[in-house]
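Student: Below you'll find the structure I mean.
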């Protein structure tokens, strides 16, 4: 579909075939980025990876970003952070004892801890900055999803409109707060704070340390580049992971059959350990199907980050001029009845008979995009989602609050940049009596879960 949004020529692609042509056949020619006021400011003039226009610099930084900072090796190495934060999550939920809890709050706290430890290093550094980090990042996400006239009228008219409505002032206020936070954490590391804690030998150093080392070694990398990549890491990764886990728990609550099946798989595979461990994850095939189906039906971002054609191309037989904004409607593709049987149904078993995956090679499912601009943090995000979800389902049985039926569970959506569940998901966790869960007592003792359920009568 070709249309004009303000002064911007735009084409919207809503089928796997059209997406394949744009993201694979014309991969390089569709690798540009449309100018946008919010991302331009938050990325320090496009010094990041996600929002930067396509160039040799982006290719070099992307390679550096993936190979050095978000490689599969580092994803595996980050297991220390996942283990520590999931242990904290399990202990917190166990202490509540059969009361309804706001699920997204606990998920977000866990992910904030994981990302904080991964970026800042040891838990002391993570805790030092986490309280400031969360509200700043939430404001940044809200700003990126807000309307800006400059994105559609790249002239004095758009700039004047944003000035009069206060949009421009809000942008700069949020940026100033974000920049101040980044400046603080970078100075903390540059000054070689003696309290800074190296990770263990298997995990390597913190992401921020790696970025600072690259800054010191490469002439092309400045402090602003470090800040811009930190912005990418938090804004792109943390928010979408939390949304995905929350939607998965909501869908499982609506589908008891699927919930029972995935819990049986996890508990059979893991046995009677305290929690699911990293080495158990490869055994959990049905859990991965649940995550895939969640990413299909409840895709975190309905539209991929807009691209821009670098030269004239053809898609579906139509001529697309250079400098045309290209929007891939990943939400529509994931619900295309020509591709998916009963597309509105949550049915993980559909992935038993298809090799469709979300790795960018299959254009029927594009939660992370594809081609040269595929999300560089995909592996990290999926690892966090699967590990947290596996432990929540292994350690606890989950029920709706008393008096609430499945039909009462609202699945209404909201959001612009990302699609969230509009109402807070409230569920009742009860510790599973068969499997062992360690609970930290205030004096530091640990009780085994098999004894704890007798002592607490849970």
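Residue numbers (this note's numbering): 13 to 470. Beta carbons: idealized from backbone N, C-alpha and C, even for Gly. Computed from a predicted structure; not experimentally measured.
Residues in its own chain within less than 7 angstroms of residue 16 by CB, not counting five upstream and five downstream?
Tutor: The answer, listed in chain order, is 22.
Student: Please classify residue 297 as buried or exposed, where buried requires at least 16 other C-beta atoms within 10 Å of its C-beta.
Tutor: exposed
Student: Comparing C-alpha positions only, which one of 340, 44, 310 sits nearest to residue 264?
Tutor: 310
Student: How many angstroms separate the CA atom of residue 256 from the CA atom of residue 160?
Tutor: 27 angstroms
Student: Could you give the distance in angstroms between the alpha-carbon of residue 103 and the alpha-carbon of residue 442?
Tutor: 12 angstroms
Student: Taking the straight line between their C-alpha atoms, what separation do you get for residue 272 and residue 427?
Tutor: 31 angstroms
Student: Checking the sheet assignment: what are the DSSP bridge partners for residue 239?
Tutor: Looking at the DSSP output, residue 239 shares a beta bridge with no other residue.
Student: Is the beta carbon of residue 299 closer than 7 angstroms to that of residue 274?
Tutor: Their beta carbons are under 7 angstroms apart, which means residue 274 touches residue 299 by this criterion.
Student: Rounding to the nearest angstrom, what Cα-Cα distance links residue 258 and residue 339 in this structure?
Tutor: One alpha carbon belongs to residue 258, the other to residue 339, and they sit about 26 angstroms apart.
Student: Taking DSSP as the reference, what is the three-state secondary structure of residue 323?
Tutor: coil
Student: Does DSSP put residue 167 in a helix, a strand or coil?
Tutor: coil
Student: Taking just the CA atoms, how far does residue 408 sit from residue 287?
Tutor: 11 angstroms
Student: Roughly how many whole angstroms lie between the Cα atoms of residue 128 and residue 141?
Tutor: 8 angstroms
Student: Do residue 341 and residue 20 have their C-beta atoms within less than 7 angstroms of each other?
Tutor: no
Student: Express the C-alpha separation of residue 61 and residue 268 in angstroms, rounding to a whole number.
Tutor: Approximately 41 angstroms, taken between the alpha carbons.
Student: Where residue 119 and residue 109 are concerned, what is the direct C-alpha to C-alpha distance, given to the nearest angstrom?
Tutor: 18 angstroms
Student: At the level of alpha carbons, what is the spacing between residue 324 and residue 383?
Tutor: 19 angstroms
Student: In the DSSP assignment, what residue or residues form a beta bridge with residue 102?
Tutor: Its beta-bridge partners do not exist; DSSP assigns none.
Student: How big is the Cα-Cα spacing for residue 26 and residue 301?
Tutor: 24 angstroms
Student: For residue 13, count neighbouring C-beta atoms within 10 Å of its own C-beta (all shown protein chains included) and say buried if the count is 16 or more, exposed if not.
Tutor: exposed
Student: Let me know the alpha helix (DSSP H) ranges lying completely inside the segment 247–324, each 4 residues or longer, listed in chain order.
Tutor: 251–266, 268–282, 297–309
Student: Quick one, are the C-beta atoms of residue 312 and residue 430 less than 7 angstroms apart?
Tutor: Yes. Within cutoff.
Student: Please state the DSSP three-state secondary structure of residue 352.
Tutor: coil
Student: Confirm, please, whether the CB-CB distance from residue 319 to residue 57 is below 7 angstroms.
Tutor: No, they are not a contact pair.
Student: Alpha carbon to alpha carbon, how far is residue 437 from residue 115?
Tutor: 6 angstroms
Student: Roughly how many whole angstroms lie between the Cα atoms of residue 402 and residue 435?
Tutor: 23 angstroms
Student: Please identify the residue among 230, 224, 232 whose C-alpha is closest to the C-alpha of residue 242.
Tutor: If we check each option's Cα against that of residue 242, 224 comes out closest.
Student: Which term fits residue 152, buried or exposed, when burial requires 16 or more other beta carbons within 10 angstroms of its beta carbon?
Tutor: buried
Student: Going by C-alpha distance, which of 246, 347, 70 is nearest residue 132?
Tutor: Considering only alpha carbons, the answer is 246.
Student: Secondary structure at residue 330, three-state DSSP: helix, strand or coil?
Tutor: strand
Student: Rounded to a whole number of angstroms, what is the C-alpha to C-alpha distance between residue 185 and residue 220?
Tutor: 24 angstroms
Student: Excluding the 5 residues preceding and the 5 following residue 148 in the sequence, name in chain order all residues of the same chain whose CB lies nearer than 6 angstroms to its CB.
Tutor: 189, 190, 193
Student: Can you grab the Cα-Cα spacing for the pair residue 331 / residue 76, in whole Å?
Tutor: 35 angstroms
Student: Assuming residue 290 and residue 91 form a contact by the criterion Cβ under 8 angstroms, report the distance between their Cβ atoms to the nearest whole angstrom.
Tutor: 5 angstroms
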